[in-house]
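Have a look at the structure below, then the notes.
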Amino acid sequence: MPSRRPFFVFVGIALVCEEQPACTIGVLTVEQPSSSVRVRFAPSPTGQVHIGNIRTAIFNWLFARGHGGKFLVRVEDTDRERSTPEAIRVLFEVMEWLGLDFDEDPVYQSACVSRHKQVAEDLIARGLAYKSDKGASGMGEAILFRMPKEDVRFTDLIKGEIAKPGDSLQDFVIVRSDGTPVFHLANVVDDIDMGITHVIRGDDHVENTFRHIRLYQALGAPLPQFGHLPMIVNHQGKPYSKRDGAAFVGEFRDTGYLPDALFNFLSLLGWNPGDDREYMPREELVAAFDLARVQSSPAQMDLKKLSWMNGCYMADLPIALFREEAIRRLQAEGLVDAATDAAYVEAVLELIRSRVKVWPELIELAVYFFREDYPFDAKAVRKRLLKPGVSELLDRLREGYAGLSEWSESALDEALRSALGADQENAGTLIHPVRVAVSGQAGGPGLFEMLQVLGRDRVLTRLERGSRIAAGTLTVGE
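Okay, so the sequence shown: first residue is 38 according to the working numbering, each after it adds one.
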């Protein structure tokens, strides 16, 4: 991927914009603030992409698209040991999967180190920074920024006015004793160079912002607007992590969540449109997104809600796409092959489609349609089959089903009620055992729809087996 050309270049000790209109503040020449929104996503790729980071990217993307602005990416890859080519590849792969397109070539921070050092030397020359070997352990001199003692305050786009007494802010390192620029300097210089107008990031950066404001002022650059997003937490209010469930975007993708569903879900993690909408296609999110409606309190991760939302998007998948992916997964599990009746597969998929919330559920919902050694829910067997009289009821129903001239939902329903005799008001005494006998499960699609799709031969065979299990002459699994 191409590296960027710095937006600014040094001429002597002046920071000069090459092409844009400029204004002079002190000895620095800087870009005139643009009316166009420019935001950036600035991850430090070290492996898997955490949902907190990608939520930040989504909020920046929505803000840019909603304001007709630019969404940029800066890869903060100065940690060469951890920011490997593979980690960077994973980052861009995840962004592509989620549809987070960006408007200019990515910026690689490692390509700008000499630029950062040049800015540090300029700050020293103007008395705004100094060298110190205190605590350097013989490695050389670090460069520290001389922090002004006046109070610092700014209006956060999400949290409102935030202030900090100047006497609580200490001088801080901007270049380490080994010559590597520190995050604070690199972050500010790169944001200036990229013309960033709004810095939207996690609220763990609030404390950093006081330092960054002083750096902007020292460089004579216009301040961007800052907005700090709420932390993502678990049900105990603690930072959401791998211990609480899937925490990396790749895990959700590999589990079978749809990209649009995850995008929609993360968009609502700390923001709401001001009404009761939750299922919101991307164009609706862009039109509605407003930083003023981002909450300042932590946002709770709710995996059940994500599964529900994914189910909404699954239901809206074009039938051709659902069928193609479903058949691919059924084939991978060995449940269907080229010899499997296509009309039967189609009928099964039509029956279970609305119940598939995430792709892995497809196999659990479909397995008993294609295999005779399907698993039985032990609790359902105990509760529904191993009861007095159930074996006789199943035998009676099997006899009735065997004599049907029409294998339809209505005929199947009528035959079941006939098998109940005078006890038709308690249809559940037979409906539940039949379901467990033919599917192994306590729940699923409508019983008579399921029986119709399974077909006469499968149903009769399974009712006979269910009767034997109920009578105690056959053990589940034999």
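For every residue, glycine included, the Cβ atom is placed at its ideal position computed from N, Cα and C.
- The C-alpha of W308 is placed about 32 Å away from the C-alpha of V219.
- Secondary structure note for S169: its beta strand (DSSP E) is the uninterrupted segment 166 to 169.
- In this model, V475 and M351 are separated by some 27 Å (Cα to Cα).
- With fewer than 16 other Cβ atoms from the protein chains shown falling within 10 Å of its own Cβ, D378 counts as exposed.
- DSSP places T192 inside the beta strand (DSSP E), whose first and last residues are 189 to 193.
- Nearest Cα to L109 within the set G274, D188, I237: I237.
- As a beta-bridge residue in DSSP terms, R111 pairs with V144.
- Where F100 is concerned, the enclosing alpha helix (DSSP H) starts and stops at 88 to 103.
- Within a 10 Å sphere around the beta-carbon of P355 sit fewer than 16 other beta-carbons, which makes this residue exposed.
- Three or more Cβ pairs closer than 8 Å define a contact, and the stretch 393 to 406 meets that threshold against the stretch 331 to 351.
- Residue state for P310 is assigned as coil, using DSSP reduced to three classes.
- Given a length threshold of 4 residues, each whole run of the alpha helix (DSSP H) inside the stretch 267 to 343 is given here in chain order: 286 to 292, 296 to 304, 319 to 325.
- The closest CA to that of A255, considering only A415, A162, Q85, S214, is found on A162.
- Ranked by Cα distance from I95, the first of P80, Q85, K201 is P80.
- Residues L372 of the same chain have their beta carbon placed closer than 7 Å to that of R408, with the five preceding and five following residues left out of the count.
- Taking all protein chains shown into account, T115 has 16 or more neighbouring C-beta atoms within 10 Å of its C-beta and is therefore buried.
- Look at the stretch 432 to 506 and you find these whole runs of alpha helix (DSSP H), each 4 residues long or longer: 446 to 457, 465 to 476, 484 to 491.
- In the DSSP assignment, E198 falls within the beta strand (DSSP E) that extends over 197 to 201.
- For I211, there is no enclosing alpha helix (DSSP H); the enclosing beta strand (DSSP E) covers residues 209 to 212.
- Contact between the stretch 438 to 451 and the stretch 492 to 512 is established, with three or more Cβ pairs separated by less than 8 Å.
- Judged by their CB atoms, V471 and L484 are nearer to each other than the 8 Å cut-off.
- Taking all protein chains shown into account, A380 has fewer than 16 neighbouring C-beta atoms within 10 Å of its C-beta and is therefore exposed.
- Secondary structure at L372: coil, using DSSP grouped into helix, strand and coil.
- The beta carbon of F326 is closer than 6 Å to those of L99, G103 in its chain, skipping five residues each way along the sequence.
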